[in-house]
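*Asks:*
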Amino acid sequence: MNVKPYLKDFGFSHRESKHMVVAKGEKLWISLAATGGFMTSAGADPGAVSAGLLEINLFDGGTELAYTYSATESLIVLESAKGAVRIAIDAPSNALLFEGEGVTLQLNAGSAGQFVTSLKTPAGIELSIGGGRYLFAAKRGSVEFDDTWILSQFHSVTPILTLSPEGGKVALVAYELPVDTTPVEITRTLDECAKGNAAEFAAFKDGLVATPAEWDDVRDNIAYLLWINKGTLLSGAQVVLENKRRSPDTQARFQAIASLAFKDADTALGLLTALPFDAPPVESIALLRLIDEGALARAHRGTVYDLYNALGDSARQWARERSVTPGLYAYAYRFETGIKKTTLFGAGEPVAAPDLNAYLLLQSEALAKLAESVWESGDAIRWRESVKTQRAALIAHLWNGETFVGENVRTGAKSAPDPVLSYMPLVLGKRLPAEIAEKLAQSVDGEALESAIGTLAILGLKDAGCDEAASKLTLAALGRARADGVDCPFYGAALLALAHKVL
Amino acid sequence: MFGTNERFNLTRATYSRRGSHPIIFEDFNTPGLLRITSNRAGDPMAATDFLFDVNLTVDGAPVKYTYFADEGSLRLEADCDCAWAEIAITDRNHVRYRGENAGLQLVLRSATGGGARACRGIHAALDGSGWEGEFGKHGKLLVKAIAGAALATAVYDEEKGAFSCVKFDFLPDAETGEFEAVIHEFFGARPCFCDDYEPFDELVDNNKADYAAFAQKYADAAPGYEGIAKYAKWVIWSRRSATAGAIKEPMILFQNDWNAVAASWQQSYNAMPMLEDPKEAWRQICTLFAYQDERTGRLPGMLTYTGPNNAGMQPPFQGFALDFIIRTNGEAFLEQLTPSECERMYPKFAKWANFWTTYRSAGRGDDVTAILSPHESGWDDASVFKDGFPAIDPNTLAFLVLLFENVARLAEGCGKTAEAKEWNKRAEKLTQTLIKEHWDGEKFVTTVKGKAVDSKSLACYQPIILGKRLPQEIIDKVAEKLTEEGELLTEIGLASESMTSELATFGISFVCGRVVGPQNMILTVGLKSAGKDKEADLIARRFCDHVKREGVILGYAPYDYYPATGKKADQQIPPHPADGWPWSSWCANSFMTMATAIIAK
């Protein structure tokens, strides 16, 4: 598939590699996934920003050549009037491979090269970037590189690596390795790496929930974002990152949403439990999917216990810190809603919000089912009672007859409805009174819901039996995704889940 | 100790407490204004958004104040109406406040013009326990009144999607005129905060007692240096980290100002003057081994609350520290090296020593190493590195000799006699190589690609740390060079680059001209170990006298002009805010070593 539209914001990469190729203006740059800022011996770790580290330039002798490029999920090709360079990733070797013909290849750090320590060694050229061992080894061609140390500036001169052809060809390997690690021999050709990566991507796509074939182009785009943006936490847990180019950080709520796109229950459960539950507490939407599909019945008992305890801790924290009226819970901070702007805080905080209370109602239901599965029957009964109390409180306090609103838990003042969060109780599906679901279905602005969190409400429309509204909104969302692209892996995951469920 | 009308104030020193995160300092560009932040997230003070102005208020309006701070608390006094407030930091994640006839106001104001953007929300806790504020990576605060009132103001700009104003006010009780308050810091779920706070005066006394107990780890300073030694010990005490995040046991942070890092080799620097507490000294030296790379033996260069930095690395300083401590405090310290302790640490030390000879091997088939960046030597811009890398640096070789000897000691301590012999043999061989190949008759030379680097750096004399392992003629020559006025020896101690060198700079530089504490300590310890007590004493006194005058600052420009060229120096004396040289524990521990063990008593 063509990934050129994604090169500017997300880059070309492989899910098991930190290597990236990104577009800046007309040119391509090589880069590394963000590792989190830290003061290295070279100063602030440029890998933490990852704006593009080394510009790729092509030369004919001393004359710089303009180039165009194409990019698939497995191969980049730069073409100039005099020759071409191809780039692919060999993930098992932590290597970025370059092969070119008819041109001189140059990698130039430019202004990004300040505070870099560089060193020409027998193994290749090392740059103090990325927190590991960033090593460039020429396999064919002759290298020019100045590693002069500038005493008064605490760094080397700007790194510029120039590889002139030998027999008309150049070949270069960029390694990104843990410190003090010897690079391994590359055993596959560039073409074999590209072919293998394409096959891996195809297999990854197959692991996502099924969607109608007529939307395969949208599916492919979303799959690419989910595929390359893999992160690994210190615990070893694998997560989906919003954009590995920009940050290695993520939140639990996004993992819960991402899990909805995966067929395999173990993968979904792994994402769901990768991080401690946070706000907004949407994990139970994903968890109930797994419970209702029987996935947890096949899971290890210890896993179920851990899940039950973790979810219980979350429930108790909400009850302890954010509840005054039984069954009604409040946000204290805007960011807890998971969306940037909301009208729900208009009446002041702490605010009992309709989305929060819907999520926590599902949390109680999930806890009841988990309690049953670990033979905690007494707890199960209490959680089911809580579901009833919460449902009653949600409707009594936050339903104004037309829509859901927020309520200041101190003053009782109501906020104006929110175009997204007022519709989030739709996640309750058939647990909502039919007339409420119908009213919401009639007034919902589908475009406003086109976000990772908002899409959960459209999923709920289907659960609530509002099939027509759900279909209409799903098709519209898919159409916009086709026209405008998808710029967030989590929204993409939610959209795949929607297409799978509704269509 | 510090105050508006004291010799030292909080513009260059920052106020903190052992085992805590809050830092208070006087804004250099707004004299008289104290500001408070936290080192937990590792942001430099000059770039953090999590920074509060501290206003003393009378009838709700800020008034001018003076301040005085000691190890117990920091007190603010208004010019009028007997109005005052006091701040005491605890080691239990909270800060206590009290005042009379005044209130205290904390206003969130980013260091970089970002206003109140560090705040993600404030609300009155539903259980009535106080005001809770959320500050992202800086954690949460719970602000509560113990007497009087605590109010929070938080104005949210819907357009900008950020808070435009966040402040906390502590107001006195209308009847008593007093207030007392507390701010807790925490992450995640709110812990249960019990209300039985100790009386404020008791907290202040406890802080003082805590410092006094810590100060017992040090021997008495030489006469005349007792007063400044109190400051130095306080700097170390107040930079002793909390146990939080990635820091699993207390370490000494370098300083509070740029970022709160525990630098690997500095833990051994801190161990050196702890002559009255050998157990603590040994623990300090061993701290970073908990983060050792199992595969290679590498120790991380730095550690913060957020994690270790495995990319950078610092010199193998542990042997030098152990050599000094055992020479100075032999029997008492050696009691720490029990067989089980030797059994525990020998493999780790051995792995660290072998890391250097494996991954920094100069490729000669022996233990000679070549470093790949100046940071691996500790001297980031020493002129010995002007010809680049890889560089065979005699200082690293000297550190390795001492490390090998102490690895041998640990091997012997756990009964591995044959291995101990081997380590000693390696130490001896490396010493001979160092003398034969890196002494040019006048100084020790660094080599790059087989060629000696032409340099007038102080680093050229650092292998004096080998003491009497060196031939007497080398010892005599080094002592002569280090006491030659106008070359490396200035009125305030040894400069890091000769004053006759055109490369000497006092600008944005660390060790290419400035007189810095660690180098003066290393060289004077080396001279004394070589029998050159008089020379060591002379140099140590010059540096320590300057610390007495100027404060516990890492480095100083010795002149306001460059002697080699006559040109005006680009950094003026005394140090000013732009040169980024705050008080630091690295100077404090170097001073303490010199004041307690080098300067004659």
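Chains as they are written, first to last, in my numbering: chain S, 1 to 503; chain F, 504 to 1104. Think of the CB as a built atom: it goes at the ideal place given N, C-alpha and C, for glycine as much as any other residue. From a predicted model like this one, the values you see are computed outputs, not experimental measurements.
So, under 8 Å CB-CB, Leu53 (chain S) and Ala91 (chain S) are touching, yes? Tell me the CB distance rounded to an integer number of Å.
*Replies:* Actually they do not touch by this definition, with Cβ atoms about 19 Å apart.
*Asks:* Tyr964 (chain F) and Leu933 (chain F): beta carbons closer than 8 Å?
*Replies:* Taking 8 Å as the Cβ cut-off, Tyr964 (chain F) and Leu933 (chain F) do not qualify as a contacting pair.
*Asks:* Taking the straight line between their C-alpha atoms, what separation do you get for Asn773 (chain F) and Ala982 (chain F)?
*Replies:* Roughly 26 Å separates the two Cα atoms.
*Asks:* Tell me whether Glu1053 (chain F) sits in a helix, a strand or coil according to DSSP, three-state version.
*Replies:* Helix.
*Asks:* If contacts are defined as beta-carbon pairs under 8 Å, then Leu96 (chain S) and Arg133 (chain S) qualify, I think. What distance do you get, rounded to the angstrom?
*Replies:* Not quite, the Cβ-Cβ distance comes to about 14 Å (not below 8 Å), so this is no contact.
*Asks:* From Cys1090 (chain F) to Lys924 (chain F), what distance separates their C-alpha atoms?
*Replies:* Between Cys1090 (chain F) and Lys924 (chain F), the C-alpha separation is close to 36 Å.
*Asks:* Residues of the region 844 to 862 of chain F with a CB closer than 7 Å to any CB of chain S: list them in chain order, please.
*Replies:* Answer set for the region 844 to 862 of chain F: Tyr862.
*Asks:* Return no unless some Cβ of chain S is closer than 8 Å to the Cβ of Asn813 (chain F).
*Replies:* So yes, Asn813 (chain F) belongs to the interface.
*Asks:* Roughly how many whole angstroms lie between the Cα atoms of Pro818 (chain F) and Phe902 (chain F)?
*Replies:* Rounded to whole angstroms, Pro818 (chain F) to Phe902 (chain F) spans 8 Å at the Cα level.
*Asks:* Measure the alpha-carbon distance for Ser128 (chain S) versus Glu293 (chain S) and round it to whole angstroms.
*Replies:* Roughly 49 Å between the two C-alpha positions.
*Asks:* Take Ala549 (chain F) and list the residues in its own chain whose beta-carbon comes closer than 7 Å to its own, dropping the five residues that flank it on each side.
*Replies:* If we look at Ala549 (chain F) and ignore the five residues flanking it on each side, its Cβ neighbours are Ala614.
*Asks:* Roughly how far, in whole angstroms, is the beta-carbon of Pro350 (chain S) from the beta-carbon of Pro425 (chain S), given that I think they are within contact range, below 8 Å?
*Replies:* Not really, about 19 Å apart at Cβ, beyond 8 Å.
*Asks:* My assumption, with CB atoms under 8 Å, is that Ala88 (chain S) sits in contact with Leu190 (chain S). Please give the rounded CB distance.
*Replies:* With 8 Å as the limit, Ala88 (chain S) and Leu190 (chain S) qualify as a contact, their Cβ atoms being about 5 Å apart.
*Asks:* Check the Cβ-Cβ distances between Lys952 (chain F) and every residue of chain S, and say whether any is below 8 Å.
*Replies:* For Lys952 (chain F), the answer is no, since every Cβ of chain S falls outside 8 Å of its Cβ.
*Asks:* Give a yes or no on whether the C-beta atoms belonging to Ala268 (chain S) and Leu290 (chain S) are separated by under 8 Å.
*Replies:* Their beta carbons are under 8 Å apart, which means Ala268 (chain S) touches Leu290 (chain S) by this criterion.
*Asks:* In the DSSP output, what is Met805 (chain F) paired with across the bridge?
*Replies:* Answer is F:Ala766, F:Asn812.
*Asks:* Compute the beta-carbon to beta-carbon distance between Gly100 (chain S) and Gly83 (chain S), rounded to the nearest angstrom, for a pair I have assumed lies under 8 Å.
*Replies:* Confirmed, Cβ separation roughly 6 Å.
*Asks:* Indicate whether at least one CB of chain S lies closer than 8 Å to the CB of Phe641 (chain F).
*Replies:* Residue identity check: residue 641 (chain F) is His in the sequence provided, not Phe. Closer than 8 Å: no.
*Asks:* Just the chain S side, please: which residues come within less than 8 Å of Glu580 (chain F) by C-beta, in chain order?
*Replies:* Within 8 Å Cβ-Cβ: nothing; Glu580 (chain F) doesn't reach chain S, min ~37 Å.
*Asks:* Mind checking His300 (chain S): buried by the 16 CB within 10 Å criterion, or exposed?
*Replies:* The residue in question, His300 (chain S), is exposed, as its Cβ has fewer than 16 Cβ neighbours within 10 Å.
*Asks:* Can you name the residues that DSSP bridges to Thr560 (chain F)?
*Replies:* Looking at the DSSP assignment, Thr560 (chain F) forms a beta bridge with F:Pro565, F:Gly606.
*Asks:* Are Gly916 (chain F) and Pro842 (chain F) close, meaning C-beta to C-beta below 8 Å?
*Replies:* Cβ atoms of Gly916 (chain F) and Pro842 (chain F): closer than 8 Å.
*Asks:* Mapping DSSP to helix, strand and coil, what is Thr250 (chain S)?
*Replies:* Coil.
*Asks:* Residues in the same chain with beta-carbon distance under 6 Å from Ala368 (chain S), minus the five sequence neighbours each way, listed in chain order, please.
*Replies:* Cβ within range, chain order: Ala380, Trp383, Arg384.
*Asks:* Can you tell me which of the three DSSP states Leu163 (chain S) falls into?
*Replies:* Strand at Leu163 (chain S).
*Asks:* Is the Cβ-Cβ distance between Leu961 (chain F) and Ala998 (chain F) less than 8 Å?
*Replies:* Cβ distance < 8 Å, so Leu961 (chain F) and Ala998 (chain F) count as in contact.
*Asks:* Would you check if the distance between the CB atom of Leu654 (chain F) and the CB atom of Asp672 (chain F) is smaller than 8 Å?
*Replies:* Result yes, Cβ atoms of Leu654 (chain F) and Asp672 (chain F) sit closer than 8 Å.
*Asks:* How many angstroms separate the CA atom of Trp587 (chain F) from the CA atom of Lys889 (chain F)?
*Replies:* Answer to the nearest angstrom: the Cα atoms are 55 Å apart.
*Asks:* Thinking just about the alpha-carbon of each residue, which of F:Thr993, F:Asp582, F:Asp884, F:Pro694 is nearest to the one in Phe1013 (chain F)?
*Replies:* Nearest of F:Thr993, F:Asp582, F:Asp884, F:Pro694 to Phe1013 (chain F), Cα basis: F:Asp884.
*Asks:* According to the Cβ coordinates, are Ala749 (chain F) and Tyr808 (chain F) closer than 8 Å?
*Replies:* Yes, Cβ-Cβ distance for Ala749 (chain F) and Tyr808 (chain F) is below 8 Å.
*Asks:* Where do the N-terminal and C-terminal ends of the alpha helix (DSSP H) with His941 (chain F) fall, by residue?
*Replies:* That run of the alpha helix (DSSP H) goes 920 to 941.
*Asks:* What whole-angstrom Cβ distance do His155 (chain S) and Val179 (chain S) have, given they're in contact under 8 Å?
*Replies:* At roughly 18 Å, the Cβ-Cβ gap does not stay under 8 Å, so His155 (chain S) and Val179 (chain S) are not in contact.
*Asks:* Spatial neighbours of Gly124 (chain S) within its chain, please: C-beta separation below 6 Å, excluding the five flanking residues on both sides.
*Replies:* For Gly124 (chain S), where only same-chain residues beyond five positions count, the Cβ hits under 6 Å are Leu135, Phe136, Ala137.
*Asks:* Starting from the Cα of Ala824 (chain F), find the closest Cα among F:Thr860, F:Asn909, F:Thr746, F:Gly866 and give me that residue.
*Replies:* When each option's Cα is compared against that of Ala824 (chain F), the closest is F:Asn909.
*Asks:* Please confirm if Ser50 (chain S) has its CB atom under 8 Å from at least one CB of chain F.
*Replies:* Below a pLDDT of 50, predicted positions are generally treated as unreliable, and Ser50 (chain S), at 46, falls in that range; the measurement from the model is reported next regardless. For Ser50 (chain S), the answer is no, since every Cβ of chain F falls outside 8 Å of its Cβ.
*Asks:* I'd like to know if Asp147 (chain S) contacts chain F, where contact means its C-beta is closer than 8 Å to some C-beta of that chain.
*Replies:* It does: the Cβ of Asp147 (chain S) has a partner Cβ on chain F nearer than 8 Å.
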